[in-house]
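2 protein chains.
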Amino acid sequence: MNRLSMNQMTVRSLTVPQLLDACQRHGVPAVGLWRDPVQTNGVTKTAHQVRESGLQVTSLCRGGFLTNPANQPEALADNRRAIDEAAELGAQSLVLVVGGLFDRDLPAARTRVADAVAQLAPYAAERDVILALEPMHPVFCADRGVLSTLKQALDMVEAIGSPAVRVVVDTVHVWWDPEVEVQIARAGERIALYQVCDWITPLPADVLAGRGIPGQGHIDFGVLGECVAAAGYSGFAEVEVFHEEVWAADPEEVFARVIRAHRELVLPGLERHLSG
Amino acid sequence: MNRLSMNQMTVRSLTVPQLLDACQRHGVPAVGLWRDPVQTNGVTKTAHQVRESGLQVTSLCRGGFLTNPANQPEALADNRRAIDEAAELGAQSLVLVVGGLFDRDLPAARTRVADAVAQLAPYAAERDVILALEPMHPVFCADRGVLSTLKQALDMVEAIGSPAVRVVVDTVHVWWDPEVEVQIARAGERIALYQVCDWITPLPADVLAGRGIPGQGHIDFGVLGECVAAAGYSGFAEVEVFHEEVWAADPEEVFARVIRAHRELVLPGLERHLSG
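The listed protein sequences derive, respectively, from chains A and B. All residue numbers in the first sequence are consecutive under the working numbering, ending with 276. All residue numbers in the second sequence are consecutive under the working numbering, ending with 276.
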């Protein structure tokens, strides 16, 4: 389990202290945190508890939502606060969900994202926080994330040219992409974070909750893990599940299922490269 | 309305004769037909009624479903029957929805599609039927269509190298793609059909029924129409809507709404190139 990180949303009924305790008891060495529950618990208090626990924080979720032309200053200010929080928590990266459309001009929305991330990059770099751009599955293009492919995210990263701006490879968002293997190889050390969950069918009524535990769906975690490892990624696989059945289950059982999926499906991909 | 084609699914409560009659009464010069209702009406009878009506048939929907490794011979045989039907109806193209995953090996499923389409191409060419590969929105990759982008479809078309194999540009499937403009330009005369409907939010529980009348959603039909026209496409805009509210409405009202959307949103894009 040395490369498993438990994202807070996977066991979202737990408070921050309960989550840290459960990770320690189950031997999970890292967590991905979310801003709302961290703020409820207190950022400084959470930072202290995390240090006490010895756990690593692979991500803070999430900044972004940079596409609304009517509130760019407020969005930038909120992202600076998120960067501050990530720095205080010692999070390896701040995940950016860039935001959806506010009219029908998709290229303009994408340009707003690039401009805003470029403005945030120096602030993040000064605080040693990685801004991890998350290309999102195209099903979310209209209402959540206009950044739709890894290629597009890497083009943006290269144009911004800051080492503080990198990408998330989240299996559920990229698995369908005919160019995913090529683009993961291209990403190389710019992969800030490898997130895993599975694409399930039939999709639930709320497509946002269509992300299962690896093994519940259609994704080949062996191939994607091998690609990520071959690109040089040696970090954690952060399990971020959005699924009503998982959310309704006993968190102790969810930990056990996630640990088993990590061992049987996720880790073999990540380690195939090392043994190959 | 000289470039409007009404796809049968948009007013699916109508029988084939009712559909042909409604098109004539509303001055709509073309239809897109579906195999099931055509078979119910009789293929030969439908072909006769279509010729009597003077309407053009922009497409027959649909062939494809070529990814199941357990029934390739049956799938190929059914596609040959669909080609025969398209030829008898005088349909300009047979739309291919290629099929989803049957295991977790996505590259293998895509290879099966390419192999099957290559096998069908000579049969279609002999009968003057265009096989129109439909790249589908990635939300359908697992369960309906592993062909996910226009680039991927054009790569396949070029590899097969038959003039009988071309592509559909359907706005709802391609609008999110950061490369859509480049790939439409690349497609050129290989655009067999331009289908239009809108991406709506919130998505309905059945994502398949998330395709509205142009104007109901997020797509910029001006830009996409202009791209298609600039690529040399001079054919019809076939309106194919899957939407519970539209299906429940009076077909006469649906005709009126579609005609208005065509005139106000779709046609101006297609004609901007000509006047520009």
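Virtual Cβ for every residue (Gly too), placed ideally from N, Cα, C. Just so you know, these numbers come straight off a predicted model, no measurement behind them.
Minimum C-alpha distance to residue i - residue among the options
i, options, result
"ILE219 (chain A)", "A:VAL180, A:CYS141 and A:TYR233", "A:VAL180"
"GLY99 (chain A)", "A:GLU271, A:LEU208, A:GLY63 and A:GLU85", "A:GLY63"
"GLY235 (chain B)", "B:ASP206, B:LEU267 and B:PRO178", "B:LEU267"
"THR10 (chain B)", "B:ASP177, B:ALA229, B:CYS61 and B:ARG127", "B:CYS61"
"GLY212 (chain A)", "A:GLY188, A:GLU74, A:VAL254 and A:VAL228", "A:VAL254"
"TRP199 (chain A)", "A:ALA108, A:ALA209, A:ARG25 and A:VAL95", "A:ALA209"
"PRO214 (chain B)", "B:TYR233, B:ASP21, B:VAL228 and B:HIS243", "B:HIS243"
"ALA192 (chain B)", "B:SER13, B:ARG35, B:SER59 and B:GLY54", "B:SER59"
"THR44 (chain A)", "A:SER162, A:GLY90, A:MET6 and A:CYS23", "A:GLY90"
"LEU106 (chain B)", "B:PHE140, B:ALA22, B:ILE130 and B:PRO73", "B:PHE140"
"ASN68 (chain A)", "A:GLN92, A:VAL97 and A:ARG81", "A:VAL97"
"LEU94 (chain A)", "A:ALA75, A:VAL129 and A:ARG81", "A:VAL129"
"GLN92 (chain B)", "B:ALA75, B:ARG190 and B:ASP250", "B:ARG190"
Neighbour-count burial assignment, residue i, 16 or more Cβ in a 10 Å radius
i, result
"GLY145 (chain A)", "buried"
"HIS48 (chain A)", "exposed"
"THR40 (chain B)", "exposed"
"PRO135 (chain B)", "buried"
"ARG166 (chain B)", "buried"
"GLY269 (chain B)", "buried"
"ALA256 (chain A)", "exposed"
"VAL182 (chain B)", "exposed"
Distance between residue j and residue i (C-alpha atoms, nearest Å)
i, j, result
"GLY276 (chain B)", "ARG186 (chain B)", "Low confidence applies to GLY276 (chain B): its pLDDT is 49, below 50, so where it sits in the model is not reliable enough to give any reading."
"ARG51 (chain A)", "VAL169 (chain B)", "54 Å"
"TRP247 (chain B)", "MET156 (chain B)", "34 Å"
"PHE102 (chain A)", "GLY222 (chain B)", "17 Å"
"THR46 (chain A)", "LEU33 (chain A)", "10 Å"
"ALA118 (chain B)", "GLU85 (chain B)", "19 Å"
"LEU147 (chain B)", "GLY225 (chain A)", "23 Å"
"THR15 (chain A)", "VAL241 (chain A)", "17 Å"
"MET1 (chain B)", "VAL57 (chain B)", "15 Å"
"HIS26 (chain A)", "ILE83 (chain A)", "29 Å"
"ALA125 (chain A)", "HIS137 (chain B)", "36 Å"
"SER162 (chain B)", "TYR123 (chain B)", "11 Å"
"ALA30 (chain A)", "ILE259 (chain A)", "12 Å"
"ALA231 (chain A)", "ALA108 (chain B)", "23 Å"
"GLU271 (chain B)", "ALA229 (chain B)", "7 Å"
"LEU20 (chain B)", "PRO37 (chain B)", "13 Å"
"ARG110 (chain B)", "LEU131 (chain A)", "34 Å"
"LEU154 (chain A)", "GLN24 (chain B)", "51 Å"
"TYR233 (chain B)", "ALA121 (chain B)", "22 Å"
"LEU265 (chain B)", "SER5 (chain B)", "15 Å"
"GLU158 (chain B)", "LEU133 (chain B)", "12 Å"
"ASN71 (chain A)", "VAL28 (chain A)", "39 Å"
"PRO17 (chain A)", "ARG35 (chain A)", "14 Å"
"PRO73 (chain A)", "CYS227 (chain A)", "38 Å"
"LEU203 (chain A)", "ARG81 (chain B)", "32 Å"
"LYS151 (chain A)", "ALA22 (chain A)", "37 Å"
"CYS197 (chain B)", "GLN8 (chain B)", "13 Å"
"ASN79 (chain A)", "GLU252 (chain A)", "33 Å"
"ALA75 (chain A)", "GLY42 (chain B)", "59 Å"
"ALA164 (chain A)", "ILE160 (chain B)", "44 Å"
"THR201 (chain B)", "THR201 (chain A)", "20 Å"
"GLY188 (chain B)", "VAL207 (chain A)", "35 Å"
C-beta atoms of residue i and residue j nearer than 9 Å
i, j, result
"ARG112 (chain A)", "LEU66 (chain A)", "yes"
"ALA115 (chain A)", "THR149 (chain A)", "What sits at residue 115 (chain A) in the sequence shown is Asp, not Ala. No, these two residues do not count as a Cβ contact at 9 Å."
"GLY217 (chain B)", "ALA142 (chain A)", "yes"
"GLU245 (chain A)", "GLN195 (chain A)", "no"
"ARG127 (chain B)", "ALA87 (chain B)", "yes"
"ILE184 (chain A)", "VAL172 (chain A)", "no"
"HIS262 (chain B)", "ARG3 (chain B)", "yes"
"ALA205 (chain B)", "ALA249 (chain A)", "no"
Neighbour flag for residue i against chain C, beta carbons, 9 Å
i, result
"TRP176 (chain B)", "Among the chains of the structure shown, chain C does not appear; the protein chains present are A and B."
Of all the beta strand (DSSP E) runs that stay within the bounds of the region 19-54 of chain B, which reach a length of 3 or more residues? The DSSP assignment places complete beta strand (DSSP E) segments of no fewer than 3 residues inside the region 19-54 of chain B at 30-34, in order along the chain.
Can you check the region 42-126 of chain A for any alpha helix (DSSP H) of at least 4 residues that lies completely inside it and give the ranges in chain order? Counting only runs of at least 4 residues, the region 42-126 of chain A fully encloses the following alpha helix (DSSP H) elements, listed from N- to C-terminal order: 43-53, 72-89 and 106-126.
Of all the alpha helix (DSSP H) runs that stay within the bounds of the region 161-225 of chain A, which reach a length of 4 or more residues? Counting only runs of 4 or more, we get 171-174 and 180-187.
May I have a chain-ordered list of the alpha helix (DSSP H) segments no shorter than 4 residues that lie completely inside the region 217-268 of chain B? With a minimum length of 4 residues, the unbroken runs of alpha helix (DSSP H) contained wholly in the region 217-268 of chain B fall at 221-230, 244-248 and 251-261.
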